[in-house]
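Asker: Below: one structure in structure tokens.
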Amino acid sequence: MKKPIVRLFFLTAITTFLYSCTNETNDVDAKAESQQFKIINVTHHDGKPFSTGASLSSPTGKYVDNPGGGVMMQAFYWDVPAGGNWWNTVKGKVTAWGNAGIGSIWLPPASKAQNGAFSMGYDPTDYFDFGDYNQNGSTETRFGSKTELVSLITSAHTENIKVYADIVINHNSGGQSEANPYTGTSTWTNFSGVASGKFTRNYNDFYKNSYGNNDEGAFGGFPDLCHANPHVQDWLWLRADGVGKYYKNTMKFDGWRFDYVKGFGAWVVNSWNANVGGFSVGELWDSNVNVLNDWANAANSSVFDFACYYKMNDAFDGNNLALLNDDMMWKRNPYKAVTFVTNHDTDEIWSKMLAYSYILTHEGYPTIFYRDYEEWLDKAKLNNLIWIHNNKATGTTSILYSDNDEYVARRNGYNGNPGLVVYINNSDAWQERWIQTNWANTQIKDFTGNSTWYPTTQADKWVKIQCPPKGYSVWSINQ
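Using our numbering, read the sequence shown as starting at 5 and increasing by one per residue.
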């Protein structure tokens with residue numbers, strides 16, 4: 005009666021042994037496959053994180069600097085609710101944003117524009133009216149009053165959050181008509197009556213004028229501000245009471261997002277930065293990395309990484325993650341690249357969480373869009389990625405593997421911080437892959453919680469990790 009039991013035990017043991025051998029063989033084959041991919045060392049520098057300048061001090065004791073650098077929040081979207089309450093809305097969120105690890109916020113253009121209480125600010129009339137003068141049909145701007153803006157900036161600084169102003173200096177709108185001897189017509193270039201009485205302008209402050217017929221670009225038919233005119237330079241960045249220095253020293257803005265920089269020479273932003281200071285980033289809507297890099301160097305400014313944006317769109321929505329190997333601004337100069345997934349002008353990427361997992365684990369200065377964070381995506385998952393960025397995303401970048409469905413990259417660590425490995429999977433099934441870490445005989449874990457594995461790296465620093473379908477995992481030392 006016992007013989008069948010013995011036979012069953014023997015067969016089970018043989019099956020288990022064969023299965024184990026098969027698994028080991030498969031692992032060896034899978035590791036060999038991964039070893040065939042030539043690692044791409046993308047960046048070559050000392051590993052320091054992105055910096056936006058001097059840190060703030062705060063009575064709350066919250067820190068600004070962290071191993072991975074900062075994260076910026078675009079604190080508005082197109083056509084936020086009118087009614088003058090937006091500054092208060094943002095003020096009510098800065099404590100939670102600070103707790104989540106947001107280090108800066110980018111506000112919409114804050115001064116009075118042609119459409120008054122209905123304007124999003126990109127048609128500026130009076131650079132010194134923050135909602136305290138009755139002109140263009142209202143006293144407050146769409147976003148609120150000057151008092152409310154100052155209160156918001158103060159609250160943000162209390163949370164160690166820097167505040168960046170949106171600077172629109174390519175064009176103006178809302179002037180009165182005047183005879184223009186350079187065009188032989190009447191033009192809407194008379195800004196002599198702005199309510200603040202500051203930075204008054206006339207036809208000679210706009211192209212076509214005594215300084216030439218045009219600059220690099222015009223926008224929307226609006227009067228095109230002439231930066232070659234010393235009067236314009238004086239009021240924008242030279243005078244102690246001019247636009248730049250007033251915004252920085254009186255309003256307490258910490259930096260600038262320059263709108264439509266294709267419309268004027270890079271020397272304009274360079275001059276502003278040299279005379280005013282503060283962090284700066286330019287909106288240069290171009291996917292050509294050479295154009296972005298040349299402008300950033302000439303302007304001495306960061307630039308939004310539109311090359312990265314369009315590559316992510318093609319990679320994630322076009323199902324070809326190998327495109328992430330292509331050139332991007334953050335690969336050329338990570339210290340002058342501001343990365344983003346969407347903004348108030350463009351919203352093309354469908355696989356947003358994969359895109360955020362990319363920019364929040366890679367180099368550059370990542371930006372989170374207000375509606376993605378507050379309305380459309382999973383805030384807990386974004387908070388987790390922000391934490392990972394601030395605490396684990398350190399050092400140079402190496403691409404370990406890529407194909408249509410999978411992408412694996414390694415941040416190589418800096419100043420004692422071990423860095424991370426990010427695994428992105430655009431397929432419909434769980435994936436596993438052997439990869440080479442910088443850690444030997446070390447237990448690692450997925451800091452997103454998407455995987456429950458706790459693998460230990462081999463003596464040669466190789467380890468097998470996994471990633472969920474249409475998802476991501478981020479691995480580092482379990483400590």
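We put the beta carbon where it would ideally sit given N, CA and C, even for glycine.
Which same chain residues, not among the five before or five after S105, have their C-beta less than 8 Å away from its C-beta?
Answerer: For the sequence presented, residue 105 should be read as Gly rather than Ser. Only N70, V75, N387, I390, W391, H393 and N394 meet the Cβ criterion.
Asker: Going by DSSP, name the residue or residues bridged to V342.
Answerer: F308 and Y369
Asker: May I ask you to list the residues that DSSP assigns as paired with T460?
Answerer: Q447
Asker: Of all Cβ atoms in chain D, is any one closer than 7 Å to the Cβ of N323?
Answerer: You won't find chain D in this structure, because it holds only one protein chain.
Asker: In angstroms, rounded to a whole number, what distance separates the CA positions of K474 and A278?
Answerer: Take the alpha-carbon of K474 and the one of A278: they are about 45 Å apart.
Asker: Tell me where the alpha helix (DSSP H) around N387 begins and ends.
Answerer: Run containing N387: K383 to K396, per the alpha helix (DSSP H) assignment.
Asker: Quick one: give me the first and last residue of the beta strand (DSSP E) that S190 is part of.
Answerer: Segment T189 to N194, the beta strand (DSSP E) holding S190.
Asker: With respect to the alpha helix (DSSP H) encompassing T162, which residues constitute its N-terminal and C-terminal limits?
Answerer: K150 to T162
Asker: Taking a contact to mean a Cβ-Cβ separation below 7 Å, would you say F344 touches T365 in this structure?
Answerer: no
Asker: Can you tell me the Cα-Cα spacing of T254 and S159, whole angstroms?
Answerer: 15 Å
Asker: For the alpha helix (DSSP H) that contains W354, what are its first and last residues?
Answerer: No alpha helix (DSSP H) holds W354; DSSP gives it neither H nor E.
Asker: Where do the N-terminal and C-terminal ends of the beta strand (DSSP E) with L327 fall, by residue?
Answerer: Where L327 is concerned, there is no enclosing beta strand (DSSP E), because DSSP gives it neither an H nor an E.
Asker: Going by DSSP in three states, I481 sits in which element: helix, strand or coil?
Answerer: strand
Asker: What does the alpha-carbon distance come out to for the pair N217 and C230?
Answerer: 10 Å
Asker: Can you find the residues in the same chain that come closer than 7 Å, C-beta to C-beta, to G148, ignoring five residues on each side of it along the sequence?
Answerer: G88, N89, W90, W91, N92 and G135
Asker: Taking the straight line between their C-alpha atoms, what separation do you get for T145 and K116?
Answerer: 6 Å
Asker: Which value, in whole angstroms, describes the spacing of the CA atoms of D245 and W239?
Answerer: 8 Å
Asker: Which same chain residues, not among the five before or five after G57, have their C-beta less than 6 Å away from its C-beta?
Answerer: F283
Asker: Look at the Cβ atom of T187, then the Cβ atom of K212, and state whether they are nearer than 7 Å.
Answerer: yes
Asker: Going by C-alpha distance, which of W110, D331 and F132 is nearest D263?
Answerer: W110
Asker: Which residue wins for smallest C-alpha separation from K52, given the options G453, K340 and S155?
Answerer: Looking at the Cα atoms, K340 is the closest of the given residues.
Asker: Any idea if D33 is buried or exposed, counting beta-carbon neighbours within 10 angstroms, 16 or more meaning buried?
Answerer: exposed
Asker: Looking at the unbroken alpha helix (DSSP H) that takes in W271, where does it start and where does it end?
Answerer: A270 to V280
Asker: Identify the residues that DSSP records as bridge partners of Y476: which are they?
Answerer: I428
Asker: Please check the pair L327 and I43, which I expect to be a contact at CB under 8 Å, by giving their CB distance rounded to whole angstroms.
Answerer: Not really, about 18 Å apart at Cβ, beyond 8 Å.
Asker: In whole angstroms, what is the alpha-carbon distance linking F257 and P128?
Answerer: 18 Å
Asker: Need the endpoints of the alpha helix (DSSP H) that W334 sits in, please.
Answerer: M333 to R336
Asker: Could you tell me which residues DSSP puts in a beta bridge with F262?
Answerer: Residue pairing from DSSP places F262 in a beta bridge opposite I171 and G286.
Asker: Measuring only the C-alpha atoms, how far is T162 from Q440?
Answerer: Rounded to the nearest angstrom, the gap between the Cα atoms of T162 and Q440 is 42 Å.
Asker: For the beta strand (DSSP E) that contains L296, what are its first and last residues?
Answerer: Element bounds for L296: not the beta strand (DSSP E) but the alpha helix (DSSP H), V293 to A303.
Asker: Which residue from Q118, Y360, D407 and A397 puts its Cα closest to that of K385?
Answerer: Nearest C-alpha to K385 among Q118, Y360, D407 and A397: Y360.
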